[in-house]
Each structure stands twice: as C-alpha cells, then as structure tokens.
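Residue numbers (our numbering): 655 to 1267.
Below is one structure, written out as structure tokens; comments come after it.
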Amino acid sequence: MNLKLLFFCLFLAVILIPAQTKPDKRKKHHRHRDHGNGPQEIRGRKRGRHERRRQLFKDIINDMFFGISGEDDDDDDDDPSEWLFDIQEPAGQCDPNPCQNNGVCKEKGKKRKFKCDCQKPFRGRRCEKGPKICKKGICGRGECVLTSTQPYFECKCKHPFQPPRCTTYTTCEPNPCMNGGECIKDGDDFDCNCPEGFSGRFCNVGPNDCYEDDGESYRGNVSETIDGDECLYWNSHFILERGIDPFNTFEDSDGLGPHNRCRNPDGDMSPWCFYRRGQKLLWNYCDVDDCSEEGIAPSDVPSPPAPPAPSATSAIPKPPTPEPTPATPDQEATEPPQPSDASPTPAFSETRFSTCGKPQPKTRLSRIYGGLKVSPGALPWQVSLQARPKRSTQKYKHICGGVLIESCWILTAGHCVHKQEDMKVVMGGLSLDTSEPTEQIFDVEEAIVHENYKETPVSVHNDIALLRLEDTDGVCANETQFVKAACLPDGPLDDGEECTISGWGATEESDYGSNHLLEAKVLLINQEKCSESSIYGPVLDDSMFCAGHLQGGVDSCQGDSGGPLTCEQSSTHFIYGLVSWGDQCGKKNKPGVYARITHFLDWIKSKTQASPK
Ligand code: ARG
C-alpha cells in the first residue's frame, strides 16, 4: 500500500516537472564523439566500478527521456529535408526506383510524379521511414529494444521498474542483484551488496571478467562505461533511430547481441559501448579490467541467460515479406563497387599517381550519427595544413584542412593562406598529436590564392588556393594506401546528393578541435533554397554552395576550412567543395558553405599546368 502511494507521488512529480526541461527532439545530430581524449586521459579518469555508489532510482526518475505517455507523438512526419524531394525528382521518375525498402514505384502524371507503395511496416514518401514500433513512452522507464519476433520490441526496464512495460516498480522484489548479491533498500533507493569478487551495479561482473589484447574477444558482462554510464542494448531502438545498425556496421559483430554488454566489434583499443545522454547518442570505453594489468586470467565468463534470439544479421526486425532484408543507408554504402568504364585520372597534366579517388576499403568505425571516426586510408586525400610565424622556430600548428589532387598540389581555402606564415602539409595520418608511420610531410614552396578572393563581414568569395609542395626530382607525395589524390570532377552534381566532409576542426564538445580525423555526411543544398532570407539571403554567388542538414547538427566548423567535401560516383571520390564558411556551426538553417570546385576547374588547370612542376 505504501509503495503504491509512493509510486503515485513520483508519477505526479514526473508529470509536473516543467515542460521546458524536455530535451528538444530535433537536436539529435551530434557531429563528434564525446571525448577528444587520448587513451592516457581515459585511463586517468578511470574509476573503480567496485567503489561506485549510485542513486539508481533517482537517476531514472529524473531522466526526462523516460516520459510515461504512451502517446504516439509522430514527429518524424515533419521532416525538414522534405524540400529536397520537392525540388529534385529523379529524371526517370521510377527508374532508378526512388522507393526504398522494397517499395514499389508507380509513375504519376501530376506534379509529384511518382508514388511509392511501401511494404509494411515502412512508410514515408520513399518508404524511407522505418517501423515506428518503439513509440515514445511505450516502455515507461525502460529502454525499447527491437526483436525479430512479434511484437518486434521488448522493454528492458531500469530497475526497480518492472516488466512488461516498466511503469510499475518494486524495490528489491524480485531481487535484481545477481550471483547471490543482497539487495539493500535505502529509502527510495537500493544497492547491491555483492559477494566477494563480484562487482557491477547488479553484481553482474565476475572475478575474472577482463579483456585481453584489444578486447575484440571479450565476452564478459561489464555493461558500464568508465564514467559510470549504463550501456545501451546493441539492439536498442535509440541507436537504430540514429541511423546506426551495429549488427551491420561493424566488421566483427559476433559478440553483439540483444544485450548491453561492452564489446569491441571494430578494432578499437578496448571494449566500448553506446550510451545515452538526454537525446544524444554517445559512446565511451568501458569499465572493464585489462587482464594483463590486473594479472588475472580471463575465464569463460558466464553470461546471464540470453534474451529471445535476435535476427542473425540485423537488429532491425525484418518486414514480414519479401526478402531481401531492407537495406540500411550503411549497407548501401558498403555494396560492392559498380564496375565503371570511366577510370578517372588525377587532376591534369602529368599523372604521377596511378589513380585518384579510390580509398582503402573501410573498416567501419562509425559511432555517432553524423560524426564518424575516419579509418586508415578511408580519406587518403585529406591533408592537415600547419603553420607557424615566418622564420620562427615555433612548433607548427594545424590551421586548416586541404586536399591532395596531385603529387605536388594541394587545394585549400584562400582564407587559410597568410603571407606572414610558413606552412607545411601533413598527409597520410589520422591523429594530430602523434606522428604516425604512414605520414608524409612537405614544406609548401608556393601558395597561389585566387585572384578574386574576397572577404566580407558575412561571407568569403572565391575562397580557394593552390599550394605547391617542395619536390625531390619532381616528386612530392608518394602514392600509398594512406596517401592518394581525390579526383577533380567534370561537372556539377544534383542537389540532394549525399557527400562527405572531414577534418580536425571544432566539435560540439571541443572548440579546439578533434585530435582524430572525423567525417560526416552532408547533403548538397539547392542554391535558391540556401539563398532564401531565412538561410543566407543574397550573399551566395557561383563560387560557393551550401551543404549540410537544414535541421542543424551535422556540419563542418572552425579548423575544417580548406578540407574536402567529396562525393562518390561509381566508387570514385570526386572533390566538389572546400570547407569555407558558415554562420556558427551546426545551427538550424545555417548550413556550411563550400567553395565550388566545378567553378574553378579552369583556374586549377591553368595554375597547375603553368607551373614548372
Ligand atoms: N571558416 C572556418 C575555418 O576556417 C570554417 C567554418 C565552416 N563553418 C560551417 N558552419 N560549416 O575553419
């Protein structure tokens, strides 16, 4: 009886918490990972999981994410990128088929030209919207995870809330502490008193639970990050909703399953997991012991009984019919390359590099929707432009990005070049603070800024420069797995195409930038649309274009300038833009503005050919 009363009060408290504390559902695209820290700092912050004492219950109650509503507030019908569909329909309407997830396309004579008949449970104009199984509030105070059998979801309750829908609770009944742990009530809260050798919130971590080497083989039970955040289930709706399907994204998904235990499926340095902060999806390394540090031998860590079998290859429940499994955007990106007759050549004139625009096959490292850690060789044309005051002996500092287009030529933004500075270019590396064996470093012999380069208080026009590198017998960069040129395009691309931006620039977490090269996907935005008064107004000219997401979130930022915006066609990457300017970063209706490479093709040709090298 008392418990019921208490629950009622808590329930009222949740309802009465002011509406403005609700996280903005739209602010969901997080460009970068949560920590720019290297391994040292991470280890330094490591707290023993054995010492931690947390107030589970209050954490959960105060977490506005778990609103108990049961209402279907179907906000994704209001899609800020719908404008794209309105301004650029595919030329042949139904060929290629614009309908995703096995949707059937029907040509229509009228304005919208085609209609997609979607296979259940997909919806949307192009059947791009997945099943809305995990409606807000359906799992009360718990995590909604997707399963492959009816009803295609399950609620993983945060203790002490109880299944099936995590709306009622009982503290310590049933006992949430595993392995003989004792549940001790503490007012509204509870704690597990674990038997000797056991640890973790629920005594779920056994004495020999540790990882060997980089933890790829780790199959233990730790499900907390080094900062004490609880891991999300790998099949959590929250992850999938942000465009990441761990089961199809990572190289080695063997250890993943419908559980929330730490794993290392992508060759990182130790087991990690996704976690959630408000509406943000983040990842962090886990609070797992390293067997060699602890002097413990890993044992076969017994796993708690497995929940219902997941689908073998995907966390997303398959639609009833037909095969094949619907492709996620990620799957599409990894489809085998289309054979192509046209083999593009790098830039113009002498071709010292045998190819351009062909990266190393990717080992998938995607973590955060909108911001990904680049894997070795995936963007081999990206360079870091570093500078120091002329004739000084100071350390060179990263100031901008740049793009390798030929052995001795780099494209960068005009505004990155300053007469009073010496510059060098570093390529083939991913980390700014460690020198990597794959790196190649060159002095800049000549910088050619565009003759019509112009800066105004709000915009930068003709923001392009060529850097000629110091050569040895006419050769500068050597083509390797990690150093390759991007291809120059022949002509413009359609609005709405998805392209890649990259750089070491500022992130949401760090104004100083990221130590590891990051990449993000952006869409090419129609010039008229971007010139609307609510966006940039009339300042845009032909030397620039906008790319990004009008709803905000994913964007380039300070320190990314001069770096590439490349678009892939027939498995070849072409350089279409250079990061130039923008009104702050990641703001709604303020996308990034990029120097338009197709506008400068003749300029690039004339400068690179006129030069002795
Ligand atoms: N000017 C910046 C730089 O020097 C790039 C800014 C890009 N801004 C944006 N919102 N995309 O690095």
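The C-beta atom is built at its ideal place from N, Cα and C for all residues, glycine as well.
Buried or exposed by the 16-neighbour rule on C-beta atoms within 10 Å, applied to residue i
| i | result |
| --- | --- |
| Lys1044 | exposed |
| Ala1041 | buried |
| Met832 | buried |
| Asp867 | exposed |
| Gln1036 | buried |
| Val1028 | buried |
| Asn889 | buried |
| Arg915 | buried |
| Ala1264 | exposed |
| Met1077 | buried |
| Gln773 | buried |
| Gly1128 | exposed |
| Glu797 | buried |
Residue i CB to nearest heavy atom of the ligand ARG below 8 Å
| i | result |
| --- | --- |
| Lys1244 | yes |
| Ala1140 | no |
| Cys1070 | yes |
| Val1233 | yes |
| Ala1131 | no |
| Gly1207 | no |
| Cys1239 | yes |
| Gly1213 | yes |
| Gly1159 | yes |
| Cys846 | no |
| Gly1056 | no |
| Val1247 | yes |
| Ala1174 | no |
| Ala1067 | yes |
| Gly1236 | yes |
| Ser1164 | no |
| Ser1008 | no |
| Ser1038 | no |
| Gly1216 | yes |
| Ser1210 | yes |
Coarse secondary structure for residue i, derived from DSSP in three states
| i | result |
| --- | --- |
| Gly1128 | coil |
| Lys1261 | helix |
| Val1103 | strand |
| Asp954 | Since pLDDT at Asp954 reaches only 48, below the 50 mark, its modelled position is unreliable, and no value is offered. |
| His1253 | helix |
| Lys679 | Interpretation of Lys679 is limited by its pLDDT of 25, a score under 50 that renders its predicted location unreliable; the figure taken from the coordinates is listed afterwards. Reduced to three states, the DSSP call for Lys679 is coil. |
| Leu1194 | coil |
| Leu886 | coil |
| Gln1036 | strand |
| Gln816 | strand |
| Asn902 | helix |
| Ser1156 | strand |
| Asn751 | coil |
| His1069 | helix |
| Leu1172 | strand |
| Glu1268 | The displayed coordinates of the chain run from 655 to 1267. Any statement about residue 1268 would go beyond what the structure contains. |
CB of residue i within 9 Å of CB of residue j, strictly
| i | j | result |
| --- | --- | --- |
| Cys781 | Cys753 | yes |
| Pro617 | Cys940 | A question about residue 617 goes unanswered here, because the residues of the chain that appear run from 655 up to 1267. |
| Cys1200 | Leu1147 | no |
| Cys826 | Lys810 | no |
| Gly1011 | Cys1141 | yes |
| Ala1067 | Ala1119 | yes |
| Ser1038 | His1170 | no |
| Ala1160 | Gly1083 | no |
| Asp771 | Cys788 | no |
| Pro1030 | Phe1136 | yes |
| Thr824 | Gln816 | yes |
| Asn918 | Thr879 | no |
| Leu1232 | Asp1117 | yes |
| Gly1216 | Val1208 | no |
| Arg1122 | Ile1095 | no |
Cβ neighbours of residue i in the same chain (closer than 7 Å, five flanking residues each side left out)
| i | result |
| --- | --- |
| Gln1181 | Leu1194, Phe1199 |
| Asp1237 | Lys1244 |
Close Cβ partners of residue i (< 6 Å) along its chain, the five nearest in sequence each way excluded
| i | result |
| --- | --- |
| Ser735 | Low local confidence applies: a pLDDT of 40 at Ser735 is under 50, so the model's placement there is unreliable, with the coordinate-based value given in what follows. Here the set comprises nothing. |
| Glu808 | Val799, Thr801 |
| Val1114 | His1069, Ser1234, Trp1235 |
| Asn751 | Cys759 |
| Gly690 | With a pLDDT of 29 at Gly690, under the threshold of 50, the modelled position of this residue cannot be trusted, and the question is left open. |
| Asn858 | Met832, Asn875 |
| Val1057 | Trp1035, Leu1065, Ala1140, Pro1218, Ile1229 |
Heavy atom of the ligand PLP within 8 Å of residue i beta-carbon
| i | result |
| --- | --- |
| Gly1202 | The ligand content of the structure shown is limited to the ligand ARG, which means the ligand PLP is not among them. |
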